[in-house]
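Using numbering that gives the first Met the number 0, read the sequence shown as starting at 0 and increasing by one per residue.
Cβ coordinates follow ideal geometry from the N, Cα and C atoms, glycine included.
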Amino acid sequence: MCSQIEHYSAFGHMLDALFLRDEVLMAIIPPDPFTIFCDASGKETDDVFVVAGALSTVGNWRAFDGEWKRALDDNGLLYFRMSEFAQSTGQFKKGWKKNEARRRQLLQRLSQIIAGRVMYWMGVCVFKSAYTKANEKYQLAESYHPYTLCGHTCVELAHRWRETKHLEYLSMEYIFEEGDEHFGQLSDRLFQTYGQRPIPRKKIESDPNKLARPLQVSDFAAYEVRKAYVGLDAESEAVFQAFRKSFLLLGTIPATWGTLDEEKIRVGANMLDIPKRQ
C-alpha cells in the first residue's frame, strides 16, 4: 500500500469532497479475504451512467452462491437480472407480470440473502452533461471514461471501507462484468493505483464454473441507483429520497453512494495530474 499512497490520496481527497452518504456498521470479521463484485448500468452515451459494487468475504460469497441458486431454482429461474424483473421481460414475461405477491416474495427472499451476506455496497453515478463539460477542459476520455471513473471510485470506496475496519492485511480481488466497454482502460488504472487488475466474469453463463452470481447483486444495486437518478437533478435532495425508498429492502447494510459532478471531476483530474486540453 505504501507505494500507492500518492494515487490513493488523490482519489481519497476527491471522495472526501463528494456529496456521498456513508453508513458504517461495526463488525468483527474473521481472517477471510475480500472480493468486490462490480457491474455497470447504462451506456456511456446515456444521460446517466452508474457502476455499483458489493463487497464481502470469500466465505460469505460461497455461502451466498448456494443460497442465491436455491432461491432461483425454487422459482424456476436461471438468473436474476433487475431490468428483466422490473419490466416483466425475459424470464419474467410469463407468470410474473402484475403478480405482486409473487414478485414481492421473490424480492424479499433475495434481499434477505443479500442482507445476510453482503458487508458493504456502493454506487457511483456520473451525468453525461457533467462529464462532457469536464472532458472539454481535461483529457479525461484518454484515461478515465465514465466507466473507468465510476469503477475506479467503487474500488477506492471498498479500500476505504476496509481501512476503517483496520483490515488492510486482508487481500481483496476486484471482479467486474465481462464485456463492459473500456474494461481495458479500467484495468490499467486499477493496476496503476493498486498493483492488481480486475477479473472479468459473467453474471449470466450456462457454464456454472464460469458464472459469478454475486454480480447479480451488483446488477440489482446499479439498476436501482440509476433509476433513482434518471430524470432528477444531480444536486437535488429528491435523488437521495428516491434512492432510500428503492433500497428499503436491503435493510441496514453499510453503503456509500453519490454523484461525481463537473466540479468534483475537475478536482479529481487536477489531483490525478490529468493534462488539460490545449
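*Which runs of the beta strand (DSSP E) fall wholly inside the segment 148–193 and span at least 3 residues, in chain order?*
Within the segment 148–193, the complete beta strand (DSSP E) runs of at least 3 residues are 171–176.
*Distance, Cα to Cα, E140 vs N134?*
The sequence given here places Ala at residue 140; Glu does not occur at that position. The C-alpha of N134 is placed about 7 Å away from the C-alpha of A140.
*Give the straight-line distance between the Cα atoms of E180 and A39, rounded to the nearest whole angstrom.*
For E180 and A39, the gap between their C-alpha atoms comes out near 10 Å.
*Mind checking who V125 pairs with in its DSSP beta bridge?*
Paired residue(s): F48.
*Can you name, in chain order, every residue of its own chain whose Cβ lies under 6 Å from the Cβ of I203, other than the five neighbours on each side?*
Same-chain partners within the cutoff: Y78.
_Pairwise C-alpha distance: S142 and I273_ = Whole-angstrom Cα-Cα distance: 8 Å.
*Tell me whether D260 is buried or exposed, calling it buried when 16 or more other Cβ atoms sit within 10 Å of its Cβ.*
Under this definition D260 is a buried residue.
_K201, DSSP secondary structure in three states_ = Strand.
*asked:* Judging by CA-CA distance, which residue of F182, G94, R116 and F219 is the nearest neighbour of Y199?
replied: Reading the sequence as shown, one finds Pro at residue 199 and not Tyr. For the residues F182, G94, R116 and F219, the minimum Cα distance to P199 belongs to F182.
*With D38 as the anchor, note down where its beta strand (DSSP E) starts and where it stops.*
Its beta strand (DSSP E) spans residues F33 to S40.
*Of the choices D72, M171, W120 and R108, whose alpha-carbon is the least far from that of T251?*
Closest option to T251, judged by alpha-carbon separation, among D72, M171, W120 and R108: W120.
_Separation of Y146 from G58, as counted between CA atoms_ = In this model, G58 and Y146 are separated by some 29 Å (Cα to Cα).
*asked:* Run through the DSSP bridge pairs and tell me what L210 is partnered with.
replied: Partner(s): K201.
*Is the segment 188–198 touching the segment 96–105 in the sense that three or more CB pairs, one from each, lie closer than 8 Å?*
Segments in contact, no.
*When the Cα atoms are used, what is the spatial distance from V23 to Q86?*
Its pLDDT being 45, under 50, V23 is placed unreliably in this model, and the coordinates cannot settle the point.
_Other residues of its chain near K68: CB distance less than 8 Å, five sequence neighbours each side excluded_ = Here the set comprises R212.
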